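One structure below.
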Amino acid sequence: QVLLVESGGGLVQPGGSLNLSCTSSISLIGLNPMGWYRQAPGKERELVASFTSSGVTINSDSVKGRFTISRDNAKNTVYLQMNSLKPGDTAVYYCRGETFRVYWGQGTRVTVSS
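Below you can see the structure in the form of structure tokens.
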């Protein structure tokens, strides 16, 4: 069983920043792909950014230039730095990792509102 624990969500004003963290109970080396998804109210869950087997990060078009995914293998942690946040970024953000099966974190809520 792999546990993924997210943190760092909260309420932020438009234009603000947040840095989400996802800590894995196993080495990140064993999780591929590994990344972030989000689900806005009334919408389907969508990919935000991810590390793949080729090392390439994939960001959705709506967050390119604003969000950055990074990782610290020594801490078994993946980060999502979110800048210039917009109300449309309001969602629950989930960490996802894959071994022979897919694992999800419990989610962390991000609300962008003035």
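Note that the working numbering has the sequence shown beginning at 1, numbered continuously upward. Beta carbons: idealized from backbone N, C-alpha and C, even for Gly. Please read all numbers here as calculations on a predicted model, not as lab measurements.
**Q.** Bounding residues of the beta strand (DSSP E) (the contiguous stretch that carries I58)
**A.** First-last of the beta strand (DSSP E) with I58: T57 to N59.
(Q) Would you call the stretch 78-95 in contact with the stretch 14-23, where contact means no fewer than 3 C-beta pairs closer than 8 Å? (A) Result yes; three or more Cβ-Cβ pairs closer than 8 Å.
Q | Local Cβ density within 10 Å of V10, reported as buried at 16 or more and exposed below that | A | The question names Val, yet the displayed sequence has Gly at residue 10. With fewer than 16 other Cβ atoms within 10 Å, it is exposed.
Q: Mind checking which residues open and close the beta strand (DSSP E) that includes L20?
A: Note, L20: beta strand (DSSP E), L18 to S24.
Q: Write down every uninterrupted run of the beta strand (DSSP E) in the stretch 46-112 whose length is 3 residues or greater and which is fully enclosed by it, in chain order.
A: Counting only runs of 3 or more, we get 46-51, 57-59, 67-72, 77-82, 91-98, 102-104 and 108-112.
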